[in-house]
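Number of protein chains: 2
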Amino acid sequence: MTAYHKLCELAREISILSSTGSVLGWDQETYMPDKALHFRAKQLAYLSGRAHALATSGRFLAALEKAEGEKHPRHSKEAANIEVMREEFERAFRIPTKLVEEESAATTHAKAAWVEARKKSEFALFAPHLEKLLGFARLKAELWGYDGEPYDALLSGYERGARTREVAALFDKLKPDLVSIAREAVERSKSVPEKLLRGKFPAAKQQQLNREVAESIGFDFTGGRIDTTAHPFCSTVGAGDVRLTTRYDESDFTSSLFGVMHEAGHGMYEQGLPAEDFGLPSGTAVSLGIHESQSRLWENHVGRSHAFWEKWLPRAAEIFPNLRGVKLKAFLAWVNRAEFSFIRVEADEATYDLHVLLRFGIERRMVRGDLKVADVPAAWNDEFKSLFGMTPPDDRRGCLQDIHWSMGGLGYFATYSLGNLNGAQLFSTAMRQKRISDAAAMCDYAPLLAWLRTKVHARGSTLMPADLMREATGRETTPKAYLAHLRSRFLGR
Amino acid sequence: MTAYHKLCELAREISILSSTGSVLGWDQETYMPDKALHFRAKQLAYLSGRAHALATSGRFLAALEKAEGEKHPRHSKEAANIEVMREEFERAFRIPTKLVEEESAATTHAKAAWVEARKKSEFALFAPHLEKLLGFARLKAELWGYDGEPYDALLSGYERGARTREVAALFDKLKPDLVSIAREAVERSKSVPEKLLRGKFPAAKQQQLNREVAESIGFDFTGGRIDTTAHPFCSTVGAGDVRLTTRYDESDFTSSLFGVMHEAGHGMYEQGLPAEDFGLPSGTAVSLGIHESQSRLWENHVGRSHAFWEKWLPRAAEIFPNLRGVKLKAFLAWVNRAEFSFIRVEADEATYDLHVLLRFGIERRMVRGDLKVADVPAAWNDEFKSLFGMTPPDDRRGCLQDIHWSMGGLGYFATYSLGNLNGAQLFSTAMRQKRISDAAAMCDYAPLLAWLRTKVHARGSTLMPADLMREATGRETTPKAYLAHLRSRFLGR
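Residue numbers (the numbering used here), protein chains in the order written: chain A, 56 to 548; chain B, 56 to 548.
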């Protein structure tokens, strides 16, 4: 066995521990009874601790150094894997195992506190947890180090190679266009009736439609499933095991359906990673900004398109008789209406990124130390007012709406907008191939998925996100395709 | 911290690993998608291996020896915990970690093969797996060592202090009485109409009734849940987290209901163990023969009683309108009818132990090397014919019906009949207290549960099963109470 293979064996061992933690995390959100929380926190902390101890062990470092000493061709998978493992080692090595365990236990409790705080709309219940997790994040940023600002150290953990200043510049450039598109889109949508759906859409029937749609776009249920949770997510809990979740609004089936298409987009990326490389960088998604490109592509570019509903509206009307009589044109206008609203995950495409910009700004200030936890609700509401022209009526619909901070996920939000840009750019590139766009026009997405499999999924983490985008689309991420998409969809130009 | 406390910390660490394995095992049976099997086997093997390596480590032995060096009062919890941990260490230490990992991986695959083999009723699909697992069992018996025969080494892993020869002698003594009671009960039951229930009992409504009943007898759903599996079980996957499973027959709601009462009996034992001692012997059930006493007590002594159905038949008829008009007397005669049947888990009380005796004999011969795996179906069918007077029409209803062998659980079956004896003896002792029997007559089982909590659950593994029975009932396990119960229930005397 070569040193490289020995290194891979260790990496796979680490992935057994971390994926086991993912099973427990999934279970916590889906089925775990309340009284189990305290012990579950211990289990998760233990698993994170063991994984981290192994990832930073002398044994791992020795294997890494030996593998680095071997000659692997410059652009080979082997070289890429070794390079990423070195990056990950350097990152992990700077964080003591004790801190990993403490943070894991703290997030298990913080998640439970967040659920409670959000339910009661009482920020004070969550504030001490956020304080603690912000402390961990700031400490980790110092331990990791950074050139520019501490937020860089967090952001680059989610988006390889990203820098806060560059992302901020990109967002600053985007913002005027986004704001003007959003305002005009909202204005134009005022002619679309707010209420289109009538009657009840039973959850069991939504499940049936969701499953049919997810299967038809390519999600593989022999290696995955869909469950119900308060906050939808996609989690890979092992090789051949990708789990999506959703929630049901019985007055509007599209909310769950678009949610499932979104998570299935994440899930198909995971299912398209090279299975034999599970646990290695080459078998792992490269970044959240690429991940989100897949979910947004299927949710929005496919799921809100004319071709899609031409096929699926009649089918939906078979499942939900109360849909009969709803015209395709009216339905499409309705699923693509824009309005300013409080909840990011329910926001339409035209206003979505404004939510992201707000969070990015607030997080950046928190991490810098410019914004105190106690002042987050007020800062949120002020910023919201300036972007959306309205103030959240309570923190449940304000700064308590997102799960991320309770999971310690500071530095994460920017990737949602990067995902929108990447998704639009990938989609428009793929659609330039006639056989892909012809098939998509007939609601056959197999050629599109095949293209994504080759250009994105199969690459794992062997390329930096910027290089992946360059190879797939001919250029780095730019706002061009995304803005064109928004203008075409919402402003008809 | 004393040496004892350090030892306990290590034991708790081991229990984090093993309970994590239980979460994954539960998930495998309930929700895991098919393609995940291969990797799940790796995860489980890894966790078993790590737990075993820690339980047999020099670190653990040193802590154990130090704790043994401390003076703890002879009958204290501390002394009992140290004693059991020494027993467990001696057992674990004799088995190499590699073997534990190999066996774990083999059982994950064997379980999947068993499901397939049973579905197709094709023993040949399962035979190579059984061969492999029997090999592991025989090897482990040799490594553990035994005074009498290799089966002792396996049996005592499930039932502390039990010896094959003594159990065999007990069963030999029981057998004539069991056979004669069974034959007479079956004869008498011929006057009970086979078909009493009409129409459909939808699974969703069965779930509702099951839950009400489980709650009413004392199962705590804030620390537990019920899911659906092919083979019902109860699994504790962490402190405060006890999970039951059941399956639904929509033509007969009692099958799932009695199953749930059975598993809830197991579950309430687990929920009654001292929570603060989770992971220590004093917080762990002592043996399967005691465990099964709890499940059989709630399923049969409570669940098939007149008092129980006096309350629950009217409630069931509210949930299932097709039950209206069914008379209590006829219903009771029907749920307590006896007949010779092929499937153990569906067998009535009067014939149940004959199934156990058969399996005990076959296993003992397999482990001894007197019966080849290939000859198991024929041996099973011959023995079945001689006990029940009929031959299983296929292996699905013969030697492929039980999950145990596929889990490597050889040496396990005898504890089912020990459980019946223990359950009857505990129940009859408790019922001698007027306040317990008066309450039970009104379908109030809180005093009975409180008695079991004190006499059985709270003891954990601090007493040997025989001593626990002696302290709780005044004598070791004897067939007396059980035979009296069977005669009273089935022969009216």
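A virtual CB, placed ideally from N, CA and C, is assigned to each residue, including glycine. This one's a predicted model, so the numbers in the text were calculated from it and none came from an experiment.
*Flag Gln488 of chain B as yes if its beta-carbon sits less than 8 angstroms from any beta-carbon of chain A, otherwise no.*
One-based indexing of the second sequence puts residue 488 of chain B at position 433. Taking Cβ atoms only, chain A never reaches closer than 8 angstroms to Gln488 of chain B, which makes this a no.
Check the Cβ-Cβ distances between Arg280 of chain B and every residue of chain A, and say whether any is below 8 angstroms. One-based indexing of the second sequence puts residue 280 of chain B at position 225. Cβ-Cβ to chain A under 8 angstroms: yes for Arg280 of chain B.
### Message
If you reduce the DSSP assignment to three classes, tell me which class Ser306 of chain A lands in.
### Response
Your numbering for residue 306 of chain A matches position 251 in the first sequence. Looking at Ser306 of chain A - three-state DSSP - the assignment turns out to be coil, as it is neither helix nor strand.
- Message: Quick check on Ser337 of chain B - is its C-beta less than 8 angstroms from some C-beta in chain A?
- Response: Sequence index remark: in the second sequence, residue 337 of chain B carries index 282 (1-based). Not a single CB atom of chain A sits nearer than 8 angstroms to the CB of Ser337 of chain B.
* Asked: Any beta-carbon of chain A closer than 8 angstroms to the one on Ser74 of chain B?
  -> For the purposes of this step, residue 74 of chain B is taken as residue 19 along the second sequence, with counting starting at 1. Cβ-Cβ to chain A under 8 angstroms: yes for Ser74 of chain B.
Q) Can a CB atom of chain A be found closer than 8 angstroms to the CB of Gly293 of chain B? A) For the purposes of this step, residue 293 of chain B is taken as residue 238 along the second sequence, with counting starting at 1. At least one chain A Cβ lies under 8 angstroms of Gly293 of chain B.
Please state whether DSSP places Gly200 of chain A in a helix, a strand or coil. By one-based count along the first sequence, residue 200 of chain A stands at place 145. In this structure, Gly200 of chain A counts as coil in the three-state DSSP scheme.
With three or more C-beta pairs closer than 8 angstroms as the rule, is the stretch 78-85 of chain B touching the stretch 130-139 of chain B? Judged by Cβ distances under 8 angstroms, the stretch 130-139 of chain B makes no contact with the stretch 78-85 of chain B, as fewer than three pairs qualify.
For Leu65 of chain A, the nearest candidate out of A:His107, A:Phe115 and A:Met56 (CA to CA): As a first step, residue 65 of chain A is located in the first sequence; it is residue number 10 there, counting from the start. Ranking the options by Cα distance to Leu65 of chain A, first place goes to A:Phe115.
Just checking: is the beta-carbon of Ile71 of chain B within a distance shorter than 8 angstroms of some beta-carbon in chain E? Here the protein chains are A and B, and chain E is not one of them.
Query raised in the report: Name the chain A residues that come within less than 9 angstroms of Asp403 of chain B, Cβ to Cβ?
Result: Position 348 of the second sequence holds residue 403 of chain B. Neighbours of Asp403 of chain B on chain A: none; closest Cβ ~33 angstroms, over 9 angstroms.
request  = Could you please give the first and the last residue of the uninterrupted beta strand (DSSP E) stretch that includes Arg298 of chain B?
outcome  = Reading the second sequence from its first residue, position 243 is the one you call residue 298 of chain B. If you look at Arg298 of chain B, you'll find it in the beta strand (DSSP E) that goes Asp296 to Thr301.
Can you grab the Cα-Cα spacing for the pair Gly254 of chain B / Phe308 of chain B, in whole Å? Here residue 254 of chain B corresponds to residue number 199 of the second sequence, with the count starting at 1. Here residue 308 of chain B corresponds to residue number 253 of the second sequence, with the count starting at 1. The straight-line gap separating the alpha-carbon atoms of Gly254 of chain B and Phe308 of chain B is approximately 11 angstroms.
So, at 8 angstroms on beta carbons, what are the nonlocal neighbours of Ala494 of chain A in its own chain, with the 5 sequence-adjacent residues on each side left out? Here residue 494 of chain A refers to the residue found at position 439 when the first sequence is read from its first residue. Result list for Ala494 of chain A: Tyr500, Ala501, Pro502 and Leu503, in chain order.
Less than 8 angstroms between the C-beta atoms of Glu322 of chain B and Phe395 of chain B, yes or no? Within the second sequence, residue 322 of chain B is the residue found at index 267, counting from 1. Within the second sequence, residue 395 of chain B is the residue found at index 340, counting from 1. Before going further, note that residue 322 of chain B is Gly rather than Glu in the sequence given. Phe395 of chain B is positioned such that its CB atom lies no closer than 8 angstroms to that of Gly322 of chain B.
Q: Kindly indicate which residue of B:Thr75, B:Thr219 and B:Glu270 has the alpha-carbon position closest to the one of Pro205 of chain B.
A: Counted from its first residue, the second sequence places residue 205 of chain B at position 150. Per the Cα distances, B:Thr219.
Checklist line | Presumed contact (8 angstroms Cβ cut-off) between Lys366 of chain B and Cys498 of chain B, rounded CB distance | finding: Here residue 366 of chain B refers to the residue found at position 311 of the second sequence. Here residue 498 of chain B refers to the residue found at position 443 of the second sequence. Contact annotation, Lys366 of chain B with Cys498 of chain B: C-beta distance approximately 4 angstroms; criterion of less than 8 angstroms satisfied.
- Query: Could you give the C-beta distance for Ser74 of chain B and Val292 of chain B, rounded to a whole number, given that I count them as a contact under 8 angstroms?
  - Reply: The residue labelled residue 74 of chain B in the question sits at position 19 within the second sequence. The residue labelled residue 292 of chain B in the question sits at position 237 within the second sequence. Between Ser74 of chain B and Val292 of chain B the beta-carbon gap is near 6 angstroms, inside 8 angstroms, which marks them as a contact.
Notebook entry, point to check: Can you tell me the Cα-Cα spacing of Ser112 of chain B and Phe144 of chain B, whole angstroms?
Noted result: Along the second sequence, read from residue 1 onward, the residue named residue 112 of chain B stands at position 57. Along the second sequence, read from residue 1 onward, the residue named residue 144 of chain B stands at position 89. Looking at the two C-alpha atoms, the distance is approximately 9 angstroms.
- Hey, could you find the ends of the alpha helix (DSSP H) Arg280 of chain A is sitting in? Here the question's residue 280 of chain A lines up with position 225 in the first sequence. Careful: Arg280 of chain A lies outside any alpha helix (DSSP H), inside the beta strand (DSSP E) at Gly279 to Thr283.
Original post:
Is there contact between the stretch 458-466 of chain A and the stretch 414-427 of chain A, where contact requires at least three CB pairs shorter than 8 angstroms?
Top reply: A contact exists between the stretch 458-466 of chain A and the stretch 414-427 of chain A.
Quiz item: At least one CB of chain A closer than 8 angstroms to the CB of Asp425 of chain B: is that the case?
Solution: Along the second sequence, one-based indexing puts residue 425 of chain B at 370. Residue-level contact by beta carbon fails for Asp425 of chain B and chain A, as no gap is shorter than 8 angstroms.
Name, going along the chain, the residues of the stretch 252-281 of chain B whose beta-carbon falls closer than 9 angstroms to a beta-carbon of chain A.
-> Those would be Asp275, Phe276, Thr277, Gly278, Gly279 and Arg280, in chain order.
Indicate the three-state DSSP secondary structure (helix, strand or coil) for Thr517 of chain A in the structure shown.
-> The count along the first sequence starts at 1 and reaches residue 517 of chain A at position 462. Assignment of Thr517 of chain A by DSSP, reduced to helix, strand and coil, places it in the coil class.
Taking the DSSP output, what are the residues bridged to Thr291 of chain B?
Along the second sequence, read from residue 1 onward, the residue named residue 291 of chain B stands at position 236. Here Thr291 of chain B is bridged, per DSSP, to B:Val297.
Task: Partners in chain A for Ala91 of chain B, counting only beta-carbon separations shorter than 8 angstroms - done: In the second sequence, the residue the question calls residue 91 of chain B occupies position 36. Those within 8 angstroms of Ala91 of chain B in chain A are Gly278, Val292, Gly293, Ala294, Gly295 and Asp296.
State yes or no: is the beta carbon of Phe94 of chain B nearer than 8 angstroms to at least one beta carbon in chain A? Along the second sequence, one-based indexing puts residue 94 of chain B at 39. At a cut-off of 8 angstroms between beta carbons, Phe94 of chain B contacts chain A.
With DSSP as the reference, label His346 of chain A as helix, strand or coil. For the purposes of this step, residue 346 of chain A is identified with residue 291 of the first sequence, where counting begins at 1. Note: His346 of chain A maps to helix in three-state DSSP.
Check whether chain B comes within 8 angstroms of Lys153 of chain A, counting only Cβ atoms and requiring the distance to be less than that. Taking the first residue of the first sequence as 1, we reach residue 153 of chain A at position 98. No, Lys153 of chain A lies away from the interface with chain B (no Cβ there is under 8 angstroms from its Cβ).
Taking only beta-carbon atoms, is Leu102 of chain A less than 8 angstroms away from chain B?
Taking the first residue of the first sequence as 1, we reach residue 102 of chain A at position 47. With its beta carbon less than 8 angstroms from one in chain B, Leu102 of chain A belongs to the interface.
Residue-level contact to chain A via CB, Val78 of chain B, 8 angstroms cutoff: Here residue 78 of chain B corresponds to residue number 23 of the second sequence, with the count starting at 1. Yes, because at least one Cβ of chain A sits closer than 8 angstroms to the Cβ of Val78 of chain B.
Is it true that the CB of Gln261 of chain A sits closer than 8 angstroms to the CB of Ser311 of chain A? Numbered from its first residue, the first sequence carries residue 311 of chain A at position 256. Numbered from its first residue, the first sequence carries residue 261 of chain A at position 206. Cβ atoms of Ser311 of chain A and Gln261 of chain A: closer than 8 angstroms.
Worksheet item: Is Lys230 of chain B helix, strand or coil by DSSP?
Response: The residue given as residue 230 of chain B occupies position 175 in the second sequence. In this structure, Lys230 of chain B counts as helix in the three-state DSSP scheme.
request  = List the residues of chain A whose Cβ lies closer than 8 angstroms to the Cβ of Met462 of chain B, in chain order.
outcome  = Translated into the one-based positions of the second sequence, residue 462 of chain B becomes position 407. Residues of chain A passing the Cβ test: none, with the nearest at roughly 19 angstroms.
_Using beta carbons (cut-off 8 angstroms, strictly below), is Tyr86 of chain A in contact with chain B?_
Residue mapping note: residue 86 of chain A aligns to position 31 of the first sequence, counting from 1. By the rule that beta-carbons nearer than 8 angstroms mark a contact, Tyr86 of chain A touches chain B.
Examine chain B for any beta-carbon lying closer than 8 angstroms to the beta-carbon of Lys97 of chain A, and answer yes or no. The sequence position of residue 97 of chain A within the first sequence is 42, counting from 1. So yes, Lys97 of chain A belongs to the interface.
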